[in-house]
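Only one structure is covered here, and it is reproduced in the block below.
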Amino acid sequence: MKLNTNIDYQAIAEKLQGIETTSDREGLTKLSLDYYHFSPILQEQLADKRGDLVVFPTTEDEVLQIAQVCVQNRIPLTVRGAGTGNYGQCIPLQGGIILDTTKMNQIMSLKPGIACVQPGVKMAAFDKQARKIGWELRMAPSTYRSASIGGFIGGGSVGMGSINYGQISDHGNLQRVRLVTMEEQPRVIELQGDEVQNVLHAYGTTGIITELAIPLAPAYPWQEAIVIFADFMTAAKFGQALSDSNGIVKKLVSIHADPIPRYFTALQSYIPEGKHGALLMISAYDFAAFEDLVKEYQGEITYSQPGSAIKGNSLLEFTWNHTTLHARSCDRNLTYLQTFYFTLERLEKLYQQYQQEEGGDEIMIHLEFLRAGDKAIPAGLQLIRYSTEARLKEIIAEHESQGAFIANPHVYTIEDGGNKQIDPQKVAFKQQVDPNGLLNPGKMRGYYSTMNNEQ
C-alpha cells in the first residue's frame, strides 16, 4: 500500500470543482468522528484522528470523479454515512478525504416488498414514505431517526426488526448493490445474491456504495409497551417466550435488569426502582394474546401506546445501544459489551455469577432478542462499569470460557470486532477493487496480513 503523505488539499479541492467540499477545522472534526467514545479504549486510540478534506457528492458520476482523483494522487478515502456508529468505523486513521454520503439521499424506486435507494437516505424518512404503501424497513438500529441506510449496511449488523429478520448479513436482507471501485480506472460494478456479502459490515473498505436494492417488511400498526417484573430471569424467560410465540407479531423485545432503568429518566414512572423492565413493540392486532402471555409470567403492563418509531420519542430510543447512551449520560465510567448468550441457561449462570460479586453492578445485563437461524436467542449489550483494560479483557474471557460469543466493540478492525477470523472472500474482493489499499486504510486486518505475507 502506497499512500501520498505530501498533498496540497486546496489543489485537490480545485480539481473537484462542482462538488461541494469543506476543509473547515470544525467541520473536519465533526465529520471525522462517530460515537467511538462509548469505549474508553477507542477514546484513547482514535481521539486525534482527522480527515483533511470532506467531499459531499450527490451523484454516482461525482463519486467516480472523487475516486479517480484519490487514485491518481494516492489519497486515502473514508466513506461516511450519518456517523452514528460506535467503534470508529468511519474514523480516518490516516487522514485523507472523507466522502460524506448524506447528500446522496434519493429514493430511486419504492414498490411493494422492494426499494432502490441512494446510500444517504435516512431510515426514518424512508419509512415515512414506505408506510404509505404498507411497507417498512426490515430492521434498523436505535439511531433510526438519524442513521442512513448505506451506513447501516456498511457498518451495522442488527437492530429493531432483528427478532424477525436476524442480522443484516443473513441471506436476502440486501438484494443488490452498486459501488464504485478504486482501481486505476475506477468503474461502477453491481453485486447481487451472495456477492453482496463483500460490502456488508465492511466499513467501506470494499468499494463506495452508490445505490442499494433492499427488501421490505409488511408494515403493522405497532403498539409500544413496557412490562415490569420482580425477578430478572422471569423477565428474560418472558422475553424468550414472546420471541418464540410465532402467532404474536413483534418488532422489538428488549429486557433491562435493575438498575439499568434508573438511567431512563423519561421512563422512571413506568419502571419503579427495583423492578426489571421489558421494552416492546407488538402488533396491535396481537395485543390481546400478548396480554395473556404477560399474565402467564406475572408481569405488569405499565405503559402502552400506539407507535411506529416515526413520531416523537419511541421506546426504540431506550434500547440497543441507546441504552448505553442514556447510561453514559448519567455515568461516564460505563461502557458496554456485545454478547451472544444463545441460551437462557448460559445467561442465568453468568447473571448469577456477577450478581454475587461485591457491589453486583460491575455488569448490568441488557438483552435484545434476535433471530439466529431457526431460533430466537438472547443477545446482550450489557453495561460494564469500566476499571481497566485488563479487567475488561478478563470479563470477555470469562464469558467466552462459558460458551458465550463476544462481538468486541473496543476494537476498530472488522475481524477483531466481529467473528474473530479473516474473511478470505472479502480480502480477495478488496484486493480486486482497491489494489492500492486507499479505502478506509487500517480497518481490514486481513488485507494487511495478506499483503505482508506476499511481500
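In terms of my numbering, the sequence shown opens at residue 448 and continues consecutively.
Even glycine gets a Cβ: it sits at the ideal position worked out from N, Cα and C.
In the DSSP assignment, R472 falls within the unbroken alpha helix (DSSP H) covering R472 to L478. Residue pairing by DSSP places S556 opposite C563 in a beta bridge. Between the alpha carbons of R578 and S834 lies a distance of about 45 angstroms. When the five nearest sequence neighbours on each side are left out, the beta carbons in the same chain lying within less than 6 angstroms of the beta carbon of G532 are those of D481 and G602, in order along the chain. In this structure the region 782 to 790 does not touch the region 716 to 735; the number of beta carbon pairs closer than 8 angstroms is below three.
Restricted to the region 720 to 778, the beta strand (DSSP E) segments that are unbroken, complete and at least 3 residues in length are 723 to 730 and 747 to 753, listed in chain order. As a beta-bridge residue in DSSP terms, Q670 pairs with I729 and P753. Listed as beta-bridge partners of H813 by DSSP are H703.
Taking 7 angstroms as the cut-off, the beta carbon of A683 is found closer than this to the beta carbon of L791.
Here DSSP, grouped into helix, strand and coil, assigns A819 to strand. For R832, the uninterrupted beta strand (DSSP E) segment begins and ends at L830 to R832.
Annotated three-state conformation of T782 is strand, per DSSP.
When C-beta atoms of the region 458 to 472 are compared with those of the region 487 to 506, three or more pairs fall below 8 angstroms, so the two segments count as touching. Runs of alpha helix (DSSP H) with 4 or more residues, each lying fully within the region 516 to 601, are found at 570 to 577, listed in chain order. The Cβ neighbour count for K569, taken over all protein chains shown within 10 Å, is at least 16; the residue is labelled buried. In this structure, the straight-line span from the alpha carbon of A672 to that of G567 is close to 31 angstroms. For the 7 angstroms CB-CB criterion, A725 and M811 do not form a contact. Residues V564, Q565 and V568 of the same chain have their beta carbon placed closer than 8 angstroms to that of Q553, with the five preceding and five following residues left out of the count. Residue environment for E804: exposed (fewer than 16 other C-beta atoms within 10 angstroms of its C-beta). When Cβ pairs closer than 8 angstroms are counted between the two stretches, the region 642 to 653 is seen to touch the region 864 to 874, the count reaching three or more. Secondary structure of F711 (DSSP, three-state): coil. Here P706 is actually not in contact with G581; their C-beta atoms are around 41 angstroms apart, not less than 8 angstroms. When the Cα atoms are used, V696 and S751 turn out to be separated by approximately 16 angstroms. Under the Cβ criterion (8 angstroms, minimum of three pairs), the region 761 to 775 does not count as touching the region 848 to 855. Rounded to whole angstroms, the separation of the alpha carbons of A837 and V858 is 14 angstroms. The three-state reading of DSSP puts L791 in helix, counting H, G and I together. The alpha-carbon of L814 is positioned some 6 angstroms away from that of L828. Following the DSSP letters along the chain, one finds P871 inside the alpha helix (DSSP H) bounded by residues P871 to V880. Secondary structure note for Q639: its beta strand (DSSP E) is the uninterrupted segment V635 to Q639.
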